[in-house]
Structure formats: C-alpha cells, structure tokens
Amino acid sequence: MKKSLLFIPMLSSLATLPLLIASKCKQEETQEQKDEKLAKKYEKEYIDKQKYVFDDFEQFKMKSEYFQLVKNPSSREAWKDYTNRNIKTYWLTEEFYKNFYKWFKNFQWKFKIFKRIMNKYAANEIIKYQNPNNGMDPINLYYVKEVKFDFSQGMDSQNYALELSNGEFMDILNLFNIPNLNLNISPILPNWTILKEINFNKTYYSKINITSNYGLVLKSVLNKIREIFSIPKPYYKNEHFATHPAGKDDFQGEDRIPRIEFYTFWGLREQNADNEILNLRYKTSFDKGWNDIDVDYLKEYGNYDTFKFKSYRVKIVEYDPKKPLYADPSKVDEFVLSEHGL
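In structure tokens, the structure reads:
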C-alpha cells in the first residue's frame, strides 16, 4: 500500500500534462491569427474613428550602447590631408542591429495590415499619385506619422562618421522603404553602388540629410537616386487632425517642407572630396551650368501635382579640400524638384 502511494504524485503530474500542453498550444497564435487580430484592432482604431494616419509604432530610440567608438578607423585615410580633423568615427554594434531588425520587421508587419484595412474599408482616403510624363502606373500612398532615424547622437553631422560594411549599409538603405522618413546620417566611404541592388517601394519622404563622400557615385547610381525621390510628399488633410494627433507635428511644425540634402564632409582629401551628386539635375555636369540642366528629369521625376503634393527642396553641397575646414562651400546646387519650380 505504501509503495503504491509513492506513485500518486507522479500519476497526478502525468494527468495534468495534457492540460499544460493544450494550454501552451492555445497561447501560440499562428501568423494568420495575429494578422486577423491586428486587423480587427485597426478597424476600430482607424476605420471606425475615421483616423487615417498610421501611427501604431514607437520611434526607434538611439542608445549610447549602439555606437562603438573606433580608435584607429580604416577610413582615417579620407582625412589624411587634415591631421587635426578630430572627427569621431563609430561602428554600429550588434545590439543596434538586433533591435533595429526587430523594430523594422514589426513596423513592416503593422503597416502591411494598416494598408490592407485601408484598401478594404477606406479606399477613398488613400492618396494616388501618377506622373504621366514618365509612363508610371498610379501608386497608392498612405498617411504615416513621421518616422525619425537620427544617428548623430546630438553631434553636428560634420563631427562624426559611421563606418559601415556593405551589408550594414544595405540594412540602413532599406529605411528608404518607409514612408515619411526623416533620416540624419553621416556614413564615411560607403559603397553607393549598393543602391542599384535594392528594389525600393515607391514612397515619399519627410527629410533626408546625408553627410558623406560622393566621389564614386556613377551615372547609374544617380539614375537610381532620381527614381527614389520621384514621389512627392502628399499634403495632409486638415480634418485628419481634428481629433487625431498623428502627423500633427509634421502638419503644424516650423519646417513643413520636405527636404533632400547631400553634403560632403569638411576636410576630405582631394581624391575623396568631389560630390558627384551635384550632377543630379544635369545632362552631363553641374560645372556646365544652367544650359546643361536636364529639363526632362524635372518633368519626368519632379512633382506633377503641386496642388496635392509638396515638392522636395534639394540641396547638394561640396567643400573645397584646399580651403580651411570652416570655409563656405565651394559648390552648391539648390532646386525644387518639380517641372515649374513650385
């Protein structure tokens, strides 16, 4: 009798095992179930309340542990002619990429569901853009709260540089798949040809500020840059902010103009100092002046509908390596990305 009693706890545990397994299985939702659950939530939050600005995400928070200071960077040769440049060079850490991938995947998933319910229940609130001058099909655009990625750690763009491998640079470039992106970054010696390897979603941007070196930007890369920024930013509708704050800062902020800016670093050695992006709106070269402006580029890639969309203000800057660090730029090209400059 005593011996059989010893087995009672074991039998009791075995009896509850199926319940534990069933409970665990019940908690593990399939991706389809997760999608359906989020879709129902968005129907209530966006459709029922007539709030059509996607804002169900937290901004990616930059942390000090995401940046590793490099004592002897391989990119130091870029400033060989300026031994006192004293620029801080960083690598992005594994922890950054771990959290970045997680954030990016989550954003893409939620935005996919948002687009699905908008297409199903609020198709009239989707913005359509088409420029018949380049033969493009109409594309759907969606209002999104500004997405901010600032890699500066509070420093001036000229005072730090990020060393990125080709794979890491590609990861950062994938941010251009996100609507209403506000990006501030200073990569040194990146491989710009990687742009041609990525199929970007056609979308619009808020502010892009890149400080880098652009001496090896080929014509084919310039054509890719033309394509990336061919979709202007839609104006928000006033009624979207009557009861819904998403995008309000963008709508009422001090600077509501979408801007695209490419600066070279100060003090680059002469071999690295050219900014080939200066040729962006020219047939052959910025140095040939106004007579060489590519009117077809502005017509085919510029803002076709200035009543419903904001045109990008583009600024491209080059600094002369023979001048002091804080000297004025040697070359500047500024223009509005639309056929008529509006």
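Heads up: the sequence shown runs through residues -21 to -1, 1 to 321, numbered per mature numbering (1 follows the signal peptide of the UniProt record, and there is no 0). Don't be surprised by glycine CBs; every beta carbon is placed ideally from N, CA and C.
Counting the other Cβ atoms within 10 Å of the Cβ of E176 gives fewer than 16, which makes it exposed. Counting only runs that start and end inside the segment 135 to 170, the alpha helix (DSSP H) elements of at least 4 residues fall at 145 to 152. One Cα belongs to S165, the other to S317, and the distance between them is close to 27 Å. For D35 and W245, the gap between their C-alpha atoms comes out near 39 Å. About 25 Å separates the beta carbons of K212 and F148, which is beyond the 8 Å limit, so they are not a contact pair. Distances from the CA of R55 to each of A140, R205 and Q132 were compared; the closest alpha carbon is that of A140. Per DSSP, the continuous alpha helix (DSSP H) segment holding K198 begins and ends at K198 to I207.
A straight-line Cα-Cα distance of about 17 Å links I210 and L174. In the assembly as shown, G146 is an exposed residue. Its beta-carbon has fewer than 16 other beta-carbons within 10 Å.
Cβ-Cβ separation between Y184 and I256: approximately 16 Å, too far for a contact (criterion under 8 Å). CA-CA distance, T72 to K124, rounds to 27 Å.
Counting along the chain, K310 sits inside the beta strand (DSSP E) bounded by residues K310 to V315.
Three or more beta-carbon pairs drawn from the segment 117 to 133 and the segment 27 to 41 are found closer than 8 Å, and the two stretches are therefore classed as touching.
Under DSSP, the beta-bridge partners assigned to I295 are F241 and D312.
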